[in-house]
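Asker:
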Amino acid sequence: MAYGERGRRRPPVVDLADRRALERYRPADPAVVGEARRLKEAALLDFGLTESAVASWLYAKCHHQIATTAVDTAAVVASGDGTCLLLFNPDFFVRLGLDGVKFVLFHEARHLVHRHLYAEPELRDDPVFELAAEVSINHVALVRLGRTALPTLNGRPTGIDPREVYEAYRADLTAHGLEPVPYETFIATDLRVHGELKRMRHPPVPQRRLCVHLAEGGVPADPETVDAVVSSVLLNSLLAARRGHAGAERELLDLMRRSEDGPARISRIWGNLGAGVLRGDTSRTRTVHWWQRWLVDVLGSKLRDGERLVYPKKRGALLAALGQEPMLARRGPVREKVLVIAYDTSGSMPQHVVTWLTGLVGRIDGVEAHWLSFDTVVMPFAPGERVYGGGGTSFQAVADYVEGRTEVDGRRLDVRPDAVVILTDGYAPAITPAEPEKWIWLITEGGSEWPETHTPAMACHRVPTETPPSGRPG
Ligand SMILES: [Zn+2]
1 MAYGERGRRR PPVVDLADRR ALERYRPADP AVVGEARRLK EAALLDFGLT ESAVASWLYA
61 KCHHQIATTA VDTAAVVASG DGTCLLLFNP DFFVRLGLDG VKFVLFHEAR HLVHRHLYAE
121 PELRDDPVFE LAAEVSINHV ALVRLGRTAL PTLNGRPTGI DPREVYEAYR ADLTAHGLEP
181 VPYETFIATD LRVHGELKRM RHPPVPQRRL CVHLAEGGVP ADPETVDAVV SSVLLNSLLA
241 ARRGHAGAER ELLDLMRRSE DGPARISRIW GNLGAGVLRG DTSRTRTVHW WQRWLVDVLG
301 SKLRDGERLV YPKKRGALLA ALGQEPMLAR RGPVREKVLV IAYDTSGSMP QHVVTWLTGL
361 VGRIDGVEAH WLSFDTVVMP FAPGERVYGG GGTSFQAVAD YVEGRTEVDG RRLDVRPDAV
421 VILTDGYAPA ITPAEPEKWI WLITEGGSEW PETHTPAMAC HRVPTETPPS GRPG
C-alpha cells in the first residue's frame with residue numbers, strides 16, 4: 001500500500017519482501033537516507049506521544065524499516081512469512097518534510113487497519129471501494145493530525161482529497177436529479193462513503209498509479225499477516241486506553257464509530273477484543289481476561305523464530321477460546337522454541353491461572369516447554385503434576401538454573417530459553433537476568449510489580465487470584 005504515487009506506474013523493480021535486495025537496489029545518497037530516517041523517527045515519536053497509538057504500535061511491529069529507492073513513495077509490506085516491513089523512498093520523505101511524512105505514515109497504518117476490518121471479497125474487488133478507502137483514510141488523517149490540506153510535493157498536493165471527491169459526487173448527483181447528502185454525512189463512516197459514491201451515475205475509479213498496491217503484482221499484503229499484526233496493534237492500543245491513555249481511547253472509539261455500520265464481522269472483531277469496555281458497555285461484552293490476551297500477544301512476539309511465527313496446533317482454537325482472531329502463524333520447518341514456565345510455590349497459586357497456562361502451552365506448536373516450580377530452590381515438574389512448595393522465594397535461583405549455572409537433580413538446563421514466564425507474588429529480592437527482554441512476569445493480586453519499574457523494565461502483568469466475575473476486566 002503505497003501512498004500518493006504519481007507519475008507512471010511501474011512494476012516493482014525488486015521483490016518487495018526481500019530486504020537484502022531492497023537495500024542493495026540503487027542506494028540513495030547517505031546524507032538523504034540519514035535525513036529521511038531522522039524524519040521518520042520524529043514522526044513515529046509524535047505518534048507515540050500524542051497523535052496515534054494505532055500508528056505508533058503498527059510501526060513498532062514493523063521490525064524492518066528500510067530506506068529504498070525500489071519504491072517511489074512509501075509502503076507497508078505484509079509479507080507471507082508473517083512480518084511487516086516499512087519501505088520508504090528517502091528522497092520522497094525529504095521532499096515531503098516532517099508534516100508530510102507524518103501524514104503518509106498515518107495513511108499507511110490506517111490502510112492496514114482498513115484492510116483488516118473490511119476483508120469481504122465483494123468489497124475488496126470493487127474499485128469504488130478502493131477509492132472510498134482513500135477518501136475515508138485521508139479524511140481521518142486530516143482530522144486527527146489537525147490539517148487543513150493534504151501534504152504537498154513540488155508545490156502540488158499529493159493523494160486523494162476527500163473534499164474534491166465529495167464535490168465530484170455532489171455535481172454528479174445534482175446533474176442526475178438526485179439529492180446529495182451533506183459532507184458530514186457523506187464522510188461519517190467508511191461504508192457511508194462507499195455507499196454514497198455508488199449512488200453516482202459515473203462513480204470515480206481510482207487512478208491505478210495512485211497506489212502501488214492497486215497495481216497488478218504490487219505491494220505484498222498477505223491477509224494472515226495483516227490480520228495478525230493489526231489484531232495485535234488494536235489489542236495494544238486498547239490496553240493503552242485502559243491504562244488511561246486518553247489519545248488511544250479517542251482513536252479507538254473513533255475507529256469503532258467509523259466501522260459500526262460495517263459487516264457483522266467487524267462488530268465481532270470489536271466484541272472479541274473487548275473494546276466495548278471503552279463505551280462502558282460491559283454487559284454485552286464477554287468476560288475479558290486482559291492478562292490472557294496480553295500474555296498471548298507477548299508470547300507471540302517472543303516466540304518468533306526470525307521471520308516466522310509460532311502458532312497454536314489447532315488453528316484458531318486457542319485464540320477463539322480467547323475471543324481473538326487467529327494471530328500466530330507458522331510456516332515451514334523451524335527450530336523448536338524453548339519456553340520456561342516457573343511457578344513460585346512459596347505463596348498460594350491461583351489454580352485457574354495454572355490450568356489456563358497449561359492449556360495454552362499445550363496448544364502452541366513448535367515449542368519445547370520446561371516447567372519449574374521454585375521457592376528458594378528450583379524443582380522441575382511435568383505439566384498437570386501437583387507442585388509443592390515451602391517458605392522463602394528466590395528469583396535468583398530461577399535465573400541461575402535458566403542461565404545454566406546450576407544443576408537440578410544433577411542436570412543442567414542445556415537449552416537457551418526464548419521466553420521465561422514467572423508466576424509469582426513478586427515478593428523476593430529483585431534480579432536482573434542476563435536477557436531481561438525474554439522474561440515475562442505474571443504477578444498475583446496484591447503482589448509486587450517491581451519488574452515493571454526495574455532497570456531494565458521487564459514485561460509484567462497482574463493476574464487475578466480469583467476467576468473474575470463476568471464482565472469485570474481481570
Ligand atoms: Zn492509500
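Oh and the sequence shown: position 59 is 59 in UniProt numbering, straight run, nothing missing.
All residues carry an ideal CB built from backbone N, CA and C; glycine is no exception.
In this text the structure is predicted, and so the values were computed from the model without any measurement.
#1: In this structure, does DSSP put Thr152 in helix, strand or coil?
#2: So within the UniProt domain "Putative metallopeptidase" (41-152), which uninterrupted alpha helix (DSSP H) runs reach at least 4 residues, ignoring any that extend past its ends?
#3: Name the DSSP beta bridge partners of Leu423, please?
#4: Less than 7 Å between the CB of Glu164 and some heavy atom of ligand 1, yes or no?
#5: With distances taken Cα to Cα, identify the nearest neighbour of Leu96 among Asn154, Leu339, Asp414, His194.
#6: Mind checking whether Leu238 and Leu295 have CB atoms under 8 Å apart?
#7: Taking the alpha-carbon of His353 as reference, which of Glu445, Pro121, Phe186 has the nearest alpha-carbon?
#8: My output table needs one value for Val33: the three-state DSSP class, helix, strand or coil.
#9: Excluding the 5 residues flanking Pro469 on each side, which residues of the same chain have their C-beta closer than 7 Å to its C-beta?
#10: In three-state DSSP terms, what is Leu178?
#11: At which residues does the alpha helix (DSSP H) containing Val354 begin and terminate?
#12: Per DSSP, which residues does Phe374 bridge with? Please list them.
#13: Buried or exposed, going by whether 16 or more other CB atoms sit within 10 Å of the CB of Ala430?
#14: Cα separation between Leu299 and Ala419?
#15: How long is the line joining the alpha carbons of Ser267 and Thr185, rounded to whole angstroms?
#16: Determine the closest residue to Leu142 out of Thr355, Arg242, Phe103, with distance taken between C-alpha atoms.
#17: Got a sec: does ligand 1 put a non-hydrogen atom nearer than 7 Å to the Cβ of His352?
#18: Among Asp46, Thr69, Ala78, Ala28, which has the Cα closest to the Cα of Lys61?
#19: Does the distance between the C-beta of His111 and the nearest non-hydrogen atom of ligand 1 fall short of 7 Å?
#20: Do you know how far the Cα of Gly280 is from the Cα of Gly262?
#21: Examine ligand 1 and report whether any of its heavy atoms sits within less than 7 Å of the Cβ of His116.
#22: Quick one: does the C-beta of His139 sit closer than 7 Å to a heavy atom of ligand 1?
#23: If you measure from the CB of His107, is any heavy atom of ligand 1 nearer than 7 Å?
Answerer: From the atom records:
#1: strand
#2: 53-60, 90-117, 121-124, 127-144
#3: Residue pairing from DSSP places Leu423 in a beta bridge opposite Tyr343, Leu442.
#4: Not so, every heavy atom of ligand 1 lies at least 7 Å from the Cβ.
#5: Asn154
#6: no
#7: The sequence shown places Val at residue 353, rather than the His named in the question. Selected option, being the one with the closest Cα: Glu445.
#8: helix
#9: Its pLDDT being 49, under 50, Pro469 is placed unreliably by the model, and nothing is read from it.
#10: coil
#11: 351-362
#12: BP columns for Phe374 point to Asp344, Val378.
#13: exposed
#14: 7 Å
#15: 21 Å
#16: Phe103
#17: no
#18: Ala78
#19: At least one heavy atom of ligand 1 falls within 7 Å of the beta-carbon of His111.
#20: 21 Å
#21: no
#22: No; taking the cut-off as 7 Å, the Cβ of His139 has no heavy atom of ligand 1 nearer than that.
#23: Because some heavy atom of ligand 1 lies under 7 Å away, the Cβ of His107 counts as near it: yes.
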